[in-house]
Every structure is written in C-alpha cells, then in structure tokens.
Amino acid sequence: MLSPRIECISVFVATRRQIIRRGILPTMEGTGDASHNSSSATVTGTGQKAAIIDGKAIADQIRKEITAEVSKMKESVGNVPGLAVILVGARKDSSTYVRNKKRACAEVGILSFDVTLPEDVSQEEVVARVKEFNDNPAVHGILVQLPLPKHISEEVVLGAVSYEKDVDGFHPINVGTLAMQGRKPLFVSCTPKGCIELLKRSGVQIKGKRAVVIGRSNIVGTPAAQLLQRENATVTVVHSQTPNPAEITREADILVAAAGKAELVRGDWLKPGAVVIDVGINAVEDLSIKKGYRLVGDVCFEEACHVASKITPVPGGVGPMTIAMLLSNTLDAAKRAYGVANA
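With full-length UniProt numbering, letter number 325 in the sequence shown gets 325, and the count goes up by one each step, no holes.
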C-alpha cells in the first residue's frame, strides 16, 4: 500500500492530467525564447539558497486544526460536517482521488457520502443525485468528480449543485462573486485557495507586492489572480499568447506558476528574492531511476532555488494543500448551516 503522502502526490498528478486533457489549463508552449533551455540559462542568484515552503507540513497543521474544530462542533451542536462525492465511471485516477478524499474526511471526523454511478448513466440521473444531496441536511459539501463522460454536460451538472454546498468553488455564483469587488464568495477553488494559504502561513507579505500568475485556467490561474488582487497585490497574468513572458516575471515579488509545462520557468525568469509558488506537477522521462520518470514542477527548481527567497517544492508543495482546502471548505459550509461562529 502506498503511503498517504505518495498517494496524495499520485492523485494530484492524475487530476492535473485530467485538467490539461480537458483543455482547461493551457500549456505555455511557444512563450519562451526558441533558444532558451536549461543549458543556456544564465542565473543571477541571491547568494543563498531559497527557504522551502513545506506544503505537506502546512497541510498537516491545517488538518489538525480542522480536526479540533470538528470535534468542538460535535460537542456544541451534536453534528459534524458531511461531504458528498459523486463519481461517474471507473477511471482509475478519479477513483484513487475519491478514495483519498474519503480517507482524509475520516481522519478529521467529516462524514463521507459517496455515490458511484456507471459510465453510461444519464445526465438526468446525475443531476437527480446532486439534487438529493442538495436536499440532505447532513450533507454540507458536494463534489462532482471531474472529468465526466462526454455525454454529460459538466456545466449543467456543476450548475445543479447548490452554491451553498459548492465546496469545489465551481458554481457560477461563487465564480462570479469572486470576480466582484466588495463581495465574498462562499467558496473558492481549492488549489488557488491553498496557494494563498501557503503564502500567509509562510509569513509572506502580499499587500503592495507585484504578483505574476502564469496561466489563466478556470481552475487555478484566474482565481489565483483574483485572490491575490483581493489581498491587495498588483497582479499581472501571463499566458500562452503573452510575448516575452520572462520580462514580466522578472518584475514579480510573488510568482505563481500554473502553466502545465515542465520546468518552463528558469532561474533567469525570476527577480532575486522572489517568492515562488509552483502549482505545476509534471512527469518527465528519467531512465536513470527505476520507475522511469520523475516529477517536476512548472519551475526549474535547481535554478530557481538559487534566485528565489522562498519556493514550494514539487512534490510536497501545493499538492497537499488541495484536499486540505476541500476539508476546510466543507467545515465552513457546516459552520454556516449550524450557525457556528467564524463561518
């Protein structure tokens, strides 16, 4: 059996591949100089190696905090949060991710309500199951595992989830509210929320800083940029059609890389002393090791760690935060439902 940490890593890889296959997260092919590669990079460093932002340790601490709050909720109101997950089909990667969510819920005391439907299930049946969970007072969060089969509209199914139980942050009301100044969405997509939490818990000042987000996906890039703006950073988004992206990234005090391209960001793309949050996780061939591949981020860690002041590793950086934020969102939903303070 794999350790929880390794399973978490494998699940994050699988999920990211799903996102890229669906075209939600564009790659940054063609955005750099044609001659740019690891052997030609010139790195101007800070003179010392970057501090590592340990996402696993931070996620573990968040889970401990959630466990304590769930226990307190059970004592005060006699109930605990409930998370429902709907899985359609038997994709191995999706099944693994759902299994890990269930295990994570059990560890912190959150109830799991899981439904697995056949690959050929009708869209109407999936929506009906969503509505059942909408009406179930013991369920505070609903997550529909993506991707869905081609004959089922993700827009229709996700839109059927009550925005008050949309712990994945994909409902149009929550997405739209995030973009509106002065309003607060009930939920924010878990990975970008995790990025902000990593910055805050690592003592990084966001207010007044220049932040650059590489990638404009609905899952990570766009909400990450919006969250950074809410923290009063000055934000620029770099994407696949941005000319000379390195000129922009070199101005960033905070860089969030969510491009889906292995080691796109080199050391000379960075401002000395920048804080780097690497969302990417990519499997690249490496015949020198037994499994035949290694995991790398969207940032070349070996170069960046000599330029940045702080950096997330891959794996062990952003990945562990995704499920931690899902648990956090589910707890928040239950707090609102039961009228518990700080909801």
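All residues carry an ideal CB built from backbone N, CA and C; glycine is no exception.
Taking only the alpha-carbon atoms, compute the straight-line gap between residue i and residue j and give it to the nearest angstrom.
| i | j | result |
| --- | --- | --- |
| residue 257 | residue 199 | 14 angstroms |
| residue 95 | residue 48 | 43 angstroms |
| residue 150 | residue 91 | 14 angstroms |
| residue 112 | residue 329 | 14 angstroms |
| residue 263 | residue 99 | 30 angstroms |
| residue 37 | residue 52 | Reliability fails at residue 37, whose pLDDT of 40 lies under 50, so the model's placement of it is uncertain and the value that follows must be treated cautiously. Their Cα atoms are separated by approximately 24 angstroms. |
| residue 324 | residue 228 | 20 angstroms |
| residue 144 | residue 252 | 35 angstroms |
| residue 234 | residue 213 | 11 angstroms |
| residue 180 | residue 68 | 33 angstroms |
| residue 215 | residue 259 | 5 angstroms |
| residue 110 | residue 196 | 24 angstroms |
| residue 165 | residue 158 | 11 angstroms |
| residue 246 | residue 209 | 18 angstroms |
| residue 292 | residue 146 | 28 angstroms |
| residue 131 | residue 341 | 27 angstroms |
| residue 72 | residue 86 | 28 angstroms |
| residue 414 | residue 223 | In the structure displayed, the chain extends from 1 to 343; residue 414 sits before or after that span and is not available. |
| residue 232 | residue 219 | 21 angstroms |
Whose C-alpha, out of the options, is nearest the C-alpha of residue i?
| i | options | result |
| --- | --- | --- |
| residue 187 | 202, 171, 181 and 309 | 171 |
| residue 104 | 331, 340, 337 and 339 | 331 |
| residue 255 | 277, 266, 261 and 247 | 277 |
| residue 295 | 319, 60 and 309 | 319 |
| residue 211 | 298, 124, 230 and 218 | 230 |
| residue 248 | 268, 73 and 139 | 268 |
| residue 337 | 202, 61, 59 and 78 | 78 |
| residue 64 | 334, 303, 327 and 339 | 327 |
| residue 154 | 297, 124 and 202 | 124 |
| residue 344 | 59, 206, 76 and 133 | Residue 344 lies beyond the residue range present for the chain, which begins at 1 and ends at 343; the question has no answer from this structure. |
Please name the residue or residues paired with residue i in a DSSP beta bridge.
| i | result |
| --- | --- |
| residue 210 | 234 |
| residue 276 | 255 and 311 |
| residue 97 | Looking at the DSSP assignment, residue 97 forms no beta bridge with any residue, so it has no partner. |
Would residue i and residue j be called neighbours here (beta carbons separated by less than 7 angstroms)?
| i | j | result |
| --- | --- | --- |
| residue 221 | residue 55 | no |
| residue 174 | residue 185 | yes |
| residue 116 | residue 194 | no |
| residue 127 | residue 160 | yes |
| residue 83 | residue 169 | no |
| residue 300 | residue 266 | yes |
| residue 50 | residue 309 | yes |
Can you confirm whether residue i, when its beta carbon is compared against all beta carbons of chain B, has any partner nearer than 7 angstroms?
| i | result |
| --- | --- |
| residue 52 | In summary, chain B is missing from the structure at hand, where a single protein chain is found. |
Given 6 angstroms as the limit, tell me if residue i has its C-beta closer than that to any heavy atom belonging to the ligand HEM.
| i | result |
| --- | --- |
| residue 115 | Absence of the ligand HEM is noted for the structure shown, with no ligands found whatsoever. |
So, do the stretch 267 to 284 and the stretch 298 to 317 have three or more beta carbon pairs nearer to each other than 8 angstroms? The stretch 267 to 284 makes contact with the stretch 298 to 317: 3 or more CB pairs, one atom from each, lie closer than 8 angstroms.
Taking three-plus beta-carbon pairs below 8 angstroms as touching, is the stretch 231 to 242 in contact with the stretch 265 to 275? no
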